[in-house]
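Residue numbers (the UniProt record's numbering): 1 to 194.
Cβ coordinates follow ideal geometry from the N, Cα and C atoms, glycine included.
Scroll down for the structure; my scribbles are underneath it.
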Amino acid sequence: MNEILKELFEACRNGDLVKVKNLITPENINAQDVLGRKSTPLHFSSGFGRKDVVEYLLSQNANVHMKDDGGLIPLHNAASFGHAEVVQLLLNHHSDVNALDSWNYSPLAEAASKGKVDVCLILIQHGADPNLKNSDGKCALDLADSSTRPVLTGEYRKDELLEAARSAGYNRLAICKILLEHGADVLCKDKGGL
Numbered sequence: 001m002n003e004i005l006k007e008l009f010e011a012c013r014n015g016d017l018v019k020v021k022n023l024i025t026p027e028n029i030n031a032q033d034v035l036g037r038k039s040t041p042l043h044f045s046s047g048f049g050r051k052d053v054v055e056y057l058l059s060q061n062a063n064v065h066m067k068d069d070g071g072l073i074p075l076h077n078a079a080s081f082g083h084a085e086v087v088q089l090l091l092n093h094h095s096d097v098n099a100l101d102s103w104n105y106s107p108l109a110e111a112a113s114k115g116k117v118d119v120c121l122i123l124i125q126h127g128a129d130p131n132l133k134n135s136d137g138k139c140a141l142d143l144a145d146s147s148t149r150p151v152l153t154g155e156y157r158k159d160e161l162l163e164a165a166r167s168a169g170y171n172r173l174a175i176c177k178i179l180l181e182h183g184a185d186v187l188c189k190d191k192g193g194l
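Here it is in structure tokens:
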């Protein structure tokens, strides 16, 4: 690997945007680290949560679908390490929310197993499938830790949402519309059976 690529990968890891701008070219924007896991500049910057570098690389048409040796795309890296803003950026650039790595782990499974609540919420809002099974036959819910399990089961902050709806009063059509648009269960009853 040449010295320029080494410097580029290091700048992406460290979040050195000035250096990245000086080193990046159309020819090396999707270059893979042949001495490591074949990660690209976008893999490195996503995994280390370097939002400014990720934004720049995306503006220069970095490929969000490139896979490393383990079949991970940059979204896996950002999700695994809990970089919610980077996850959002990648999804805004059409990264595959249900991409599977070589072990059939999705970005949601990575985030759920590591307790990354904010990332799980974003992924689910973008259509992540919590039922995808990995090579061991386990889905994100099976792998979820105690903090992310409520996100995957729909129990996350449910009581707060119910209380907010109650405090808005009765006959609030706008509140009802918002709740229905976000998947509220019209058959769900409160603890009093109503």
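Check: Could you give the DSSP three-state label for TYR105: helix, strand or coil?; Outcome: coil
Check: What residue range does the alpha helix (DSSP H) around THR153 cover?; Outcome: 149-153
Check: Taking only the alpha-carbon atoms, compute the straight-line gap between LEU179 and VAL117 and give it to the nearest angstrom.; Outcome: 21 Å
Check: In the UniProt repeat "ANK" (70-102), which residue ranges form an unbroken alpha helix (DSSP H) of at least 4 residues, counting only runs that do not cross its ends?; Outcome: 74-80 and 84-92
Check: Taking only three categories from DSSP, how would you classify GLN125?; Outcome: helix
Check: Measure the C-alpha to C-alpha separation of GLY47 and HIS83 and round it to an integer number of angstroms.; Outcome: 8 Å
Check: I'd like to check one pair, LEU152 with PRO130: are the Cβ atoms closer than 8 Å?; Outcome: yes
Check: Note the first and the last residue of the continuous alpha helix (DSSP H) segment covering ARG13.; Outcome: 3-14
Check: Measure how close the beta-carbons of SER102 and GLY70 come, nearest whole angstrom, since I'm counting them as under 8 Å.; Outcome: 5 Å
Check: So, with DSSP's three-state summary, where would you put residue 195?; Outcome: The structure shown does not extend to residue 195, since the chain spans only 1 to 194, so no value can be given for it.
Check: Would you report the Cα separation of GLN32 and GLN125, rounded to the nearest angstrom?; Outcome: 31 Å
Check: With a CB to CB cut of under 8 Å and the five nearest residues on each side skipped, what residues in its chain are close to ILE4?; Outcome: LEU23 and ASN28
Check: Note down, in chain order, each residue of its chain lying with its Cβ closer than 6 Å to the Cβ of GLY15, except the 5 sequence neighbours on either side.; Outcome: ARG50 and VAL53
Check: Could you check where the alpha helix (DSSP H) with VAL18 kicks off and where it finishes?; Outcome: 17-23
Check: Terminal residues of the continuous alpha helix (DSSP H) containing PRO41?; Outcome: 41-47
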